[in-house]
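Some notes on the structure that comes next.
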Amino acid sequence: MHSRTLFPLLATTLLVAGTYDPRPDLEAGRYLKALADAEAQLKANPRDALALAVKSQVLSSQQHFAKGVEVAEKALALQPQLADAILARGLAKAGLAVQQRSFSSLRHATDALEDLESATETDGRLVTGWMSLGLAYQQLPGLLGGSTRKALACAARLKAVNGARGELLQGMVLAMDGRWAEAEPCFQRALALAPADPDVVYGYLDALGSRETRKKIGVGEQKRRLGVEAIRLLPAVKTRARALEAITDALLDAGLPEDAWRIAKEALAHSDAPSLVRLQLGKLATRSGLHREEGLAMLDQVVREPLEGGSGGYPSAHWRRGQILKNLGRNSEAKAAAQAALKEDPHHPGARKLLEALDRS
12 MHSRTLFPLL ATTLLVAGTY DPRPDLEAGR YLKALADAEA QLKANPRDAL
62 ALAVKSQVLS SQQHFAKGVE VAEKALALQP QLADAILARG LAKAGLAVQQ
112 RSFSSLRHAT DALEDLESAT ETDGRLVTGW MSLGLAYQQL PGLLGGSTRK
162 ALACAARLKA VNGARGELLQ GMVLAMDGRW AEAEPCFQRA LALAPADPDV
212 VYGYLDALGS RETRKKIGVG EQKRRLGVEA IRLLPAVKTR ARALEAITDA
262 LLDAGLPEDA WRIAKEALAH SDAPSLVRLQ LGKLATRSGL HREEGLAMLD
312 QVVREPLEGG SGGYPSAHWR RGQILKNLGR NSEAKAAAQA ALKEDPHHPG
362 ARKLLEALDR S
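First residue of the sequence shown? That's 12 in the working numbering, and the numbers climb one at a time after it.
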């Protein structure tokens with residue numbers, strides 16, 4: 012047997028034989044790899060609850076929340092106390108709550124919170140579980156069980172599992188609470204512990220660019236800091252797509268759109284998730300008005316090929332296509348793109364507004 016056929020078979024055998032550990036890939040955002048491994052497990056054993064839980068988490072990362080709930084329920088029917096499956100259902104229900112943006116979504120939010128609490132109680136090592144629970148506590152009103160105190164308690168628990176992510180969560184919670192002076196040291200400690208962690212870079216720059224931080228440090232200082240910090244952090248994460256999204260967004264917000272475009276374009280050939288970089292190039296073209304034709308070509312490729320999870324997914328890609336097409340005067344194509352986004356996500360606010368604007372024109 013040739014080595015090029017032997018090694019994939021060995022990899023699949025090792026997965027099925029009991030060394031299957033999907034959490035590192037999920038926590039690092041390698042969703043397409045996690046999905047491929049889960050499918051290999053399910054091919055060997057369709058009743059593999061852990062593989063089903065992984066598939067559910069990948070579906071949620073791709074914005075397919077209803078399907079994510081369905082697959083998580085299958086996993087829980089097979090193994091009711093599997094923390095990964097409880098987490099998967101919680102993530103999917105949280106996504107539905109955000110996606111539906113209606114009164115009925117409150118039920119999904121409370122159900123999601125219960126699942127996230129149960130998952131972390133069942134297995135305190137769930138990094139994604141603690142991150143998601145902490146952010147849910149911070150963002151949900153007290154009537155639904157949210158509080159900053161509970162969110163910070165999650166950060167403290169997470170520090171014992173993953174120091175950098177725990178500091179990150181604490182910084183994000185404090186920043187969302189308008190306490191930037193307390194949040195910033197947390198982010199700096201997280202970056203010192205894990206300078207190449209794309210989620211740490213993303214969370215820090217997202218908080219730095221937030222409305223709450225702007226109120227504390229002012230518009231001019233925020234723009235200056237975004238530009239300086241984006242360039243400072245780039246060398247350690249220049250091949251990591253999720254971090255590149257945050258870095259180029261920060262440069263765009265700092266008033267440096269050409270720098271943002273150049274950095275994303277140069278990263279495309281070496282990125283760990285080229286599909287996300289193409290999606291980001293489309294976003295940069297849309298927001299800046301620069302390189303529209305090239306940005307459109309990037310988005311055309313995104314909607315034709317597998318898209319890594321952890322972004323706005325296909326709804327966002329279709330919506331961005333529609334925005335560029337409208338700006339290029341290609342209204343009938345723009346309308347079709349907006350309809351494609353709404354087919355993927357019927358509640359997508361940007362696609363709805365775009366379609367309404369096109370109908371009026």
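Built from N, CA and C at the ideal position, the CB exists for glycine as well.
Have a look at residue i and residue j and give me their C-alpha separation to the nearest angstrom.
i                 : j                : result
alanine 163       : tryptophan 141   : The residue you asked about is not alanine; residue 163 is leucine in the sequence shown. Taking the straight line joining both Cα atoms gives about 10 Å.
alanine 96        : lysine 85        : 9 Å
glutamine 110     : leucine 124      : 16 Å
glycine 238       : glycine 214      : 16 Å
methionine 187    : alanine 218      : 8 Å
cysteine 165      : serine 129       : 13 Å
glutamine 68      : lysine 44        : 12 Å
alanine 39        : valine 138       : 11 Å
proline 46        : leucine 155      : According to the sequence provided, residue 46 is leucine. The question's proline does not apply to it. If you take the alpha carbons of leucine 46 and leucine 155, they lie about 33 Å apart.
valine 65         : serine 322       : 17 Å
leucine 369       : alanine 351      : 14 Å
alanine 94        : alanine 205      : 26 Å
proline 152       : glycine 189      : 16 Å
lysine 346        : glutamate 240    : 38 Å
leucine 89        : valine 288       : 37 Å
glycine 293       : lysine 170       : 36 Å
alanine 51        : threonine 30     : 13 Å
threonine 224     : isoleucine 258   : 17 Å
proline 246       : leucine 202      : 13 Å
alanine 120       : alanine 108      : 5 Å
leucine 70        : phenylalanine 76 : 7 Å
aspartate 208     : histidine 329    : 29 Å
leucine 339       : glutamine 291    : 19 Å
glycine 106       : aspartate 270    : 33 Å
aspartate 126     : arginine 168     : 17 Å
serine 286        : threonine 297    : 17 Å
arginine 34       : serine 143       : 15 Å
alanine 278       : leucine 255      : 8 Å
arginine 160      : serine 343       : 50 Å
aspartate 36      : aspartate 48     : 10 Å
alanine 284       : arginine 371     : 38 Å
glycine 157       : arginine 118     : 14 Å
leucine 180       : arginine 341     : 43 Å
proline 91        : leucine 53       : 18 Å
aspartate 311     : leucine 295      : 15 Å
proline 326       : alanine 349      : 9 Å
phenylalanine 114 : arginine 315     : Because phenylalanine 114 carries a pLDDT of 45, less than 50, the predicted location of this residue cannot be relied on, and the following value inherits that uncertainty. Going by the C-alpha atoms only, they are around 34 Å apart.
alanine 275       : threonine 250    : 10 Å
arginine 243      : glycine 361      : 32 Å
arginine 236      : glycine 182      : 17 Å
aspartate 32      : glycine 324      : 25 Å
histidine 359     : serine 221       : 22 Å
tyrosine 42       : alanine 192      : 34 Å
leucine 87        : alanine 60       : 7 Å
tryptophan 272    : alanine 280      : 14 Å
lysine 234        : asparagine 56    : 52 Å
arginine 9        : arginine 58      : Because residue 9 is not part of the residues shown, which for the chain are 12 to 372, the question remains open.
Rounded C-beta distance between residue i and residue j? I'm assuming under 8 Å.
i            : j           : result
glutamine 73 : glycine 266 : Actually they are not in contact, since the Cβ atoms of glutamine 73 and glycine 266 sit about 32 Å apart, beyond 8 Å.
valine 248   : valine 212  : 5 Å
alanine 252  : serine 282  : 5 Å
proline 268  : leucine 301 : 6 Å
Does any CB atom of chain C fall closer than 8 Å to the CB of residue i?
i         : result
serine 67 : The displayed structure is made up of one protein chain only, and chain C is not part of it.
Three-pair Cβ contact test at 8 Å for the region 133-152 versus the region 91-101: yes
The region 79-86 touching the region 351-363, judged by at least three CB pairs closer than 8 Å: Look at the beta carbons and you see the region 79-86 not touching the region 351-363: under three pairs across the two are nearer than 8 Å.
Cβ pair count under 8 Å reaching 3, the region 173-188 against the region 125-134: no
Sufficient close CB pairs (3 or more, under 8 Å) joining the region 250-270 to the region 222-231: no
Inter-stretch contact at 8 Å, needing at least 3 Cβ pairs: the region 327-338 / the region 365-372: yes
Whole alpha helix (DSSP H) elements within the region 160-236, 4-residue minimum: 174-187, 191-204, 209-219, 222-228
Runs of beta strand (DSSP E) lying entirely within the region 259-328, each at least 3 residues, in chain order: none
The region 51-64 / the region 294-312 touching (three or more Cβ pairs under 8 Å): no
Runs of beta strand (DSSP E) lying entirely within the region 112-161, each at least 3 residues, in chain order: Listed in chain order, nothing qualifies, since the region 112-161 has no complete beta strand (DSSP E) run of 3 or more residues.
Every unbroken alpha helix (DSSP H) inside the region 40-84 [4 residues or more]: 42-55, 60-72
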